[in-house]
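Residue numbers for the sequence shown follow full-length UniProt numbering, so the first one is 1 and each next one is one higher. Glycine included, each C-beta is placed from N, C-alpha and C at the ideal position. Note that the structure is predicted; figures quoted are calculated from it, not measured. Here the structure is laid out as structure tokens; the discussion comes afterwards.
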Amino acid sequence: MSRRYFGTDGIRGRVGQFPITPDFMIKLGWAAGCVFARSGQSRIVIGKDTRISGYMFESALEAGLSASGVDVLLTGPMPTPAVAYLTRTFRASAGIVISASHNPFDDNGIKFFSAQGTKLPDEVEQAIEAQMDLQMSTASSDRLGKARRIDDAAGRYIEFCKSTGGGNLNLRGLKIVIDCANGATYHVSPKVFAELGAEVVEIASSPDGLNINEGCGATSPKTLQKIVVAEGADLGIALDGDGDRLILVDHTGAVVDGDEILFIIANAMREQGVFEGGVVGTLMSNFGLEQAFKRLNIPFVRAAVGDRYVMEQLAQHNWLLGGESSGHVVCRHLISTGDGTVSAVQVLKAMADSGRSLSELKQGMSKLPQVMINVRLAQRVSLAGNADLEKAVAAAEARLADSGRVLLRPSGTEPVVRVMVEGEDAALVDTVCRELAEKVENILSALVS
């Protein structure tokens, strides 16, 4: 059954445009409350990032949930993975995050977590959508849900993140620059690393409701790169607006992406003798990552792009580690979803255990040149069965011969088609990607004009 509201990562869009409106959120809260209450569960955690619209949607969801007879626990601004963690620790029936992740402030969205801190199964999302079709009603006054704030939510999450490094992790002597993207990690992640002993320099940690992800964070690490070098820091940590994505910068100012972070964590676990199973990447993972794991005899499989698909593959194989090039890294033995802060702790643990720098730890993997261009359209368009697109892709693949690959992927949250080309010859990869992106734009724009 197709879903009308839920995409690959919840419900997301422009604030004030359907469905990202207060009236929709009230009914969504009511519908979700009704669905979860069917099994006798009656408590839901709500967290949010730092967007100004979060106040409005938090109140709307709270009202809808209360009308359904469900109690609400409010965390205030809190990273997405922290809400997943708190949902489990408070034995809540579900968690809700109000966030549009790495998008600009005038977007917002809703993500749900199950009682286990994982993404909702498709059938639950479909049940919520079906409930949305019904007339909203209000529980009797004696059955209305109550709301209260979790005053120590930040402290609980900080202690959890620290614990994932083991009891003896000491970062004394390390200087770290942390870019919080003016998002939900601003009041927690710097404290995690400072309390573990590091000297911490904070940037983009003063949210005002409008500056989330603005020229900062995991999607824009240029400022972090400059400051790491200027400060003589050992590394930089860049998180995104809701804290589930991580990009690192080594002491030379070089970016260390999600593929390299996956390699570092997996290899460190292997060296410690605690690695089990294999690693899940995605269709976008660099072929160099696959080659590196092959040399280490670590199984590697690719999932569709999106952390929910990485989680599905991890569960299917019963593996512990997976992630995306963009920096969503899932340490399933530690937490049920991608967590930028927890992943950074694992990398720093690898540094502390080995005595090697971040630059040295990534040397075991050599990335092939990879170029990705986002083709933005006026509206979403299906790529399936388009003969002109297939012909363009075949021609691009022929130019790369057997030394590369081509991938077209529509975004699950916005009208964008991602054109990716990868191969051994950097100049050829760049040329082929640019020419293919132009063809894709021309072909698809003609369909929506």
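query, result
"N- and C-terminal bounds of the beta strand (DSSP E) containing S114", "107-114"
"Rounded straight-line distance, which links the Cα of E414 to that of A378", "10 Å"
"Contact check, D240 vs G183, beta carbons under 8 Å", "yes"
"Three-pair Cβ contact test at 8 Å for the stretch 219-227 versus the stretch 331-348", "no"
"Inter-residue Cα distance where the pair is L334 and G165", "10 Å"
"Burial state of K391 (16 or more Cβ within 10 Å)", "exposed"
"Inter-residue spacing [alpha-carbon to alpha-carbon] between E260 and L144", "49 Å"
"Segments assigned alpha helix (DSSP H), at least 4 residues, entirely inside the stretch 338-392", "340-354, 358-361"
"6 Å Cβ shell around K191 - same chain, five flanking residues per side excluded", "I158"
"Residues near P104 by beta carbon distance below 8 Å, same chain, minus five either side", "I212, N213, E214"
"Stretch-stretch touch, CB-based, cutoff 8 Å, three pairs: the stretch 127-144 with the stretch 47-63", "no"
"N-terminal and C-terminal residue of the alpha helix (DSSP H) that K226 is part of", "222-231"
"DSSP three-state assignment for K27, whether helix, strand or coil", "helix"
"Spatial distance of residue 487 from Q131 (CA atoms)", "A question about residue 487 goes unanswered here, because the residues of the chain that appear run from 1 up to 449."
"C-beta contact flag for V305 and E290 at 8 Å", "no"
"Assigned exposure category for G281 - 16 Cβ within 10 Å defines buried", "buried"
"Coarse secondary structure for V305, derived from DSSP in three states", "coil"
"Residue 467 classed as buried or exposed, judged by whether at least 16 other C-beta atoms fall within 10 angstroms", "Any property of residue 467 remains undetermined from this structure, which presents the chain solely from 1 to 449."
"Other residues of its chain near S66: CB distance less than 6 Å, five sequence neighbours each side excluded", "L144, G145"
"Counterpart residues of M420 in DSSP-defined beta bridges", "M372, L407"
"C-alpha distance - G355 paired with E276, whole-angstrom precision", "23 Å"
"Opposing strand residues paired with D71 [DSSP bridges]", "R43"
"CB of T341 within 8 Å of CB of S163, strictly", "no"
"Per DSSP, the bridge partner or partners of V83", "DSSP lists no partner for V83."
"Beta-bridge pairing of E435 - partner residues as DSSP gives them", "DSSP, once it has assigned bridges, lists no residue as partnering E435."
"DSSP state of T89 mapped onto helix, strand, coil", "helix"
"R409 to D388 span [Cα, whole Å]", "16 Å"
"Buried/exposed call for R4, threshold 16 Cβ in 10 Å", "exposed"
"Simplified DSSP assignment, three categories, for V97", "strand"
"Residue burial classification, N318 (beta-carbon count within 10 angstroms, cutoff 16)", "exposed"
"With 16 other Cβ atoms within 10 Å as the buried cut-off, status of K48", "buried"
"Nearest residue (CA-CA) to T219, options T118, A395, K367, H328", "H328"
"Cβ separation of Q116 and R88, assumed to be a contact under 8 Å, to the nearest whole Å", "7 Å"
"Option in E195, D179, M269 with minimal Cα separation from F160", "E195"
"C-beta contact flag for D244 and S359 at 8 Å", "no"
"Contiguous alpha helix (DSSP H) assignments of at least 4 residues, all confined to the stretch 174-246", "189-195, 222-231"
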